[in-house]
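What follows is one structure encoded as structure tokens, with my remarks underneath.
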Amino acid sequence: MDELILIEKAKLGNKSALNTLLTENYNFLKGYIIKMTCDPTLSQDILQETMLKAVLNIKKFSPKAKFSTWLITIATNQYRDTLRKNKRLTQLDENMVSTLYSPEENTISKLEHHEILQVIQGLSYEKRAVFILKHFYYYSYEDIAKTLKCPVGTVRSRLHYSVKYIILELERRGIVHE
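Final position of the sequence shown in the working numbering is 179; the numbers increase by one with none missing.
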């Protein structure tokens, strides 16, 4: 069924439509959150909070963007709030490395995955969100700007510095060579 129709039905209280929207976007959202946090326990907490907030606030959703973009926005805000509360980043779980990428992306060793994820985890959450949305989910600059509520120029700048940092750090670690 068309997403807009499902959204309208969900806003009117149709639980089945809301369930369909959440179910169809669950794996997408889960993948994003796992890549942002690199922590399975924290990811599950943020995922649950995001879904709860989506259910509670469905009537406030304005379909100017895709439903998945709205969920990403909620998740990003939830993660930012969690970081503020905890004032620390959770360390990367060694067992998570293989679950962060699809089979097509598993062309490098688990050690290299671990190194790359550690480097990405070293970015601020703002830069990490931009990098993940652009390079894992292929969002446009405009969609990233809307999702993260910042200007397109800021998105471009964050992406530029993220890529530069990742390349330099991977070179420093001997993962990639000039």
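Glycine residues also receive a C-beta, built at the ideal position from the N, C-alpha and C atoms.
Taking C-alpha positions only, Leu171 is separated from Lys60 by approximately 45 angstroms. Take Lys65, set aside five residues on each side of it, and no residue of its chain has a beta-carbon closer than 6 angstroms to its own. For the pair Ile6 and Phe68, the Cα-to-Cα distance works out to about 12 angstroms. In the structure shown, the three-state DSSP call for Tyr138 is coil.
Non-local beta-carbon contacts of Trp71 in its own chain, meaning distances under 7 angstroms to residues more than five positions away in sequence, involve Phe62 in chain order. No Cβ-Cβ contact shorter than 8 angstroms links Ile34 with Leu22.
At a Cβ-Cβ threshold of 8 angstroms, Arg81 and Tyr126 count as neighbours.
In the three-state reduction of the DSSP assignment, Phe29 falls in the helix class. The C-alpha of Val120 lies about 34 angstroms from the C-alpha of Val56. Taking the Cα positions, Ile8 is about 7 angstroms away from Leu19. Within its own chain, the residues whose Cβ lies closer than 6 angstroms to the Cβ of Lys128, once the five positions on either side in sequence are excluded, are Arg159 and Ser163, listed in chain order. DSSP places Leu124 outside any alpha helix (DSSP H), giving it a letter other than H or E.
In the DSSP annotation of this structure, the continuous segment of the alpha helix (DSSP H) that includes Arg157 starts and ends at Val153 to Arg173. Distances from the alpha-carbon of Lys31 to those of Lys12, Phe137 and His161 put Phe137 closest. For Thr77 against Leu149, the beta-carbon gap comes to about 6 angstroms, under 8 angstroms, which counts as contact. The shortest C-alpha to C-alpha distance from Arg157 to any of Asp40, Phe132 and Gly14 is the one to Phe132. Taking all protein chains shown into account, Asp144 has 16 or more neighbouring C-beta atoms within 10 Å of its C-beta and is therefore buried.
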